[in-house]
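Trainee: Heads up, the final residue of the sequence shown is numbered 131 in the working numbering, and it's a clean run with no missing numbers. By construction, the Cβ of each residue, glycine as well, lies at the ideal position given by its N, Cα and C atoms. Keep in mind that this is a model prediction, so the values were computed, not measured.
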Amino acid sequence: MEIKVTKGAGKLQHIVAAGPHTLIADAPSAFGGDDAGFVPHDLLAAALGACTAVTLNMYAGRKEIPLEKVDVTVVAGEQDGAYVFNRTLHYHGNLSAEQKDSLNKIADKCPVHKALSGEIKIITQAN
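1) Ordered along the chain, which non-local residues of its own chain (more than five positions away) have a Cβ less than 7 Å from that of Ala22?
2) Pull up the DSSP beta-bridge partners for Gly81, would you.
3) Which stretch, first to last residue, makes up the beta strand (DSSP E) that contains Thr26?
4) Can you pull the DSSP bridge partners for Lys73?
5) What three-state label does DSSP hand Val9 in the structure shown?
6) Can you check which of these residues, Ala49, Leu99, Ala40, His18, is closest to Leu120 by C-alpha distance?
7) Taking Thr92 as the reference, give the member of Lys11, Ile28, Leu52, Asp38 with the closest Cα.
8) Could you check the C-alpha separation between Thr128 and Ala57 for me, to the nearest Å?
9) Exposed or buried, what is Val9 when buried is set at 16 or more other beta-carbons lying within 10 Å of its beta-carbon?
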């Protein structure tokens, strides 16, 4: 999937496009932006939360676990020299302790979790 980022209407605003989908990224007004969209770091946290929820729902469906829904909260920020993602899962449904434990293990296997906790390489090219 190719992600394209182009200048938006505001001072620091940018339009992020992935296929037919778009969203706005911006900086808070305290940093010279218009606070018109997601702060880029929030997009990382959102990607982790969304991927976790989708992965858990897919797994529960395949394993016939009675997960009605899962709410995922991610709080992220600098902590002791590292960027830390604190993820909280709130399961809805009549789940046993064993099923919750299984879901917790699967949460760590979502593709974004694996990408963020694995080796990351960024290759920059300029035209």
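Mentor: Inspection of the coordinates gives the following:
1) Once the five neighbours on either side are set aside, the close Cβ partners of Ala22 are Met5, Ile7.
2) Paired residue(s): Val88.
3) In the DSSP annotation of this structure, the continuous segment of the beta strand (DSSP E) that includes Thr26 starts and ends at 25 to 29.
4) Beta-bridge pairing links Lys73 to His96.
5) It is a strand residue.
6) Out of Ala49, Leu99, Ala40, His18, Ala49 has the C-alpha closest to the C-alpha of Leu120.
7) That would be Leu52, whose Cα lies nearest to the Cα of Thr92.
8) If I take the Cα positions, the gap works out to 31 Å.
9) So Val9 ends up on the exposed side.
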